[in-house]
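Step one of this worksheet: look at the structure below.
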């Protein structure tokens with residue numbers, strides 16, 4: 036009887052050991068599959084997520100277009116129809132490449148905003164940003180790298196200003212700056228820009244730009260006409276006003292940080308992106324227009 040009791044106690048101890056070992060092993064497995072990013076960032080995104088499951092970010096529902104397709108089909112069927120969902124799953128490798136590039140962009144952008152300040156040379160800002168971008172994307176020939184030169188347009192320069200060697204332009208406290216940079220994995224390009232200013236008098240303008248941008252994202256979708264997206268962006272942008280030096284200005288949809296007429300910036304637009312192609316065949320004009328594609 037005593038021997039049987041000892042055997043039971045030994046079995047309990049063995050089971051406890053196995054449970055503890057399994058728990059430690061599982062924790063080790065988790066820690067090996069997901070690393071903690073350093074500060075400042077130094078670990079490439081592909082090494083942070085070796086299992087390939089990159090953060091998805093916010094997923095928006097497909098909008099209902101103003102002018103529905105003639106056959107009555109709606110893009111929302113892609114999320115409700117089992118067959119359509121399975122077809123989307125066949126593109127999972129493409130989604131992973133896009134999410135990897137997007138996570139690199141997000142971490143680089145967050146890091147840049149932690150140190151950028153007035154008094155810095157624009158070329159130094161761009162070089163520092165691009166060096167971090169190369170590290171996190173793990174730059175390698177055509178497989179991974181920068182999508183295009185970094186833009187850092189100031190004030191009434193709407194877009195696409197990139198400093199060259201010898202350009203000593205300095206970021207000022209009263210500047211409104213638009214940083215625009217891109218990443219890519221195997222030609223899958225992520226392009227994102229953001230507007231910022233140090234002087235709080237521009238806070239309402241920054242809020243308007245952010246609101247208009249989010250509206251454009253929510254409006255865009257399959258079968259939605261480009262003109263309808265532009266109209267939605269313009270409507271939100273013009274709903275804001277900004278007071279500068281005691282004078283009230285209505286906002287215009289040029290996103291430059293300065294009040295301008297629509298005619299001057301009619302061709303300010305966004306283009307769709309294709310495989311290894313930064314400017315493809317369709318363009319989104321950010322005001323009401325007649326482009327119905």
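In the working numbering, the protein residues as written are 36 to 328.
Just so it is clear, CB atoms sit at the ideal spot from N, CA and C, and this is done for glycine as well.
Asked: Residue 109 to residue 163 span [Cα, whole Å]; Found: 45 Å
Asked: Residue burial classification, residue 325 (beta-carbon count within 10 angstroms, cutoff 16); Found: exposed
Asked: Selected residue, minimal CA-CA separation from residue 170, among 186, 146, 190, 158; Found: 146
Asked: Host beta strand (DSSP E) of residue 226 (start-end); Found: 223 to 232
Asked: Start-to-end residues for the beta strand (DSSP E) that takes in residue 276; Found: 276 to 279
Asked: Which residues DSSP lists as bridging residue 215, in chain order; Found: 186, 228
Asked: Segment limits, alpha helix (DSSP H) that includes residue 179; Found: Careful: residue 179 lies outside any alpha helix (DSSP H), inside the beta strand (DSSP E) at 179 to 181.
Asked: Counted within 10 angstroms of its Cβ, other Cβ atoms place residue 157 as buried (16 or more) or exposed; Found: buried
Asked: Cβ-based burial, residue 148 [other Cβ within 10 Å; buried from 16]; Found: exposed
Asked: Start-end ranges of the alpha helix (DSSP H) lying completely within the stretch 108 to 143, minimum 4 residues; Found: 112 to 115, 117 to 124
Asked: Sequence-distant residues of its chain with Cβ nearer than 6 Å to residue 271 (five each side left out); Found: 246, 247, 250
Asked: Coil, strand or helix - residue 105 by DSSP; Found: coil
Asked: Residue range of the beta strand (DSSP E) that includes residue 95; Found: No beta strand (DSSP E) contains residue 95, which DSSP labels as neither H nor E.
Asked: Where residue 76 sits in the DSSP three-state scheme; Found: coil
Asked: Closest Cα partner of residue 221 within the set 138, 117, 178; Found: 178
Asked: Helix, strand or coil at residue 83 according to DSSP, with G and I counted as helix; Found: helix
Asked: Cβ-based neighbour list, residue 143, same chain, cut-off 7 Å, excluding 5 preceding and 5 following; Found: 164, 167, 168, 171
Asked: CA nearest to the CA of residue 256, picked from 208, 96, 81, 91; Found: 96
Asked: Beta carbon of residue 225 nearer than 9 Å to that of residue 140; Found: yes
Asked: Selection from 233, 200, 176, 218 that minimises the alpha carbon distance to residue 183; Found: 218
Asked: Supposed close pair residue 254, residue 244 - CB separation, criterion 8 Å; Found: That belief does not hold up - the Cβ atoms of residue 254 and residue 244 are roughly 16 Å apart, past 8 Å.
Asked: Beta-carbon proximity of residue 205 to residue 154, cut-off 9 Å; Found: yes
Asked: Secondary structure of residue 206, DSSP reduced to three states; Found: coil
Asked: For residue 282, the first and last residue of its enclosing beta strand (DSSP E); Found: 282 to 285
Asked: Nearest-angstrom beta carbon gap, residue 232 and residue 259 [assumed within contact, 8 Å]; Found: Not a contact, Cβ separation roughly 31 Å.
Asked: Closest Cα partner of residue 89 within the set 132, 190, 286; Found: 132
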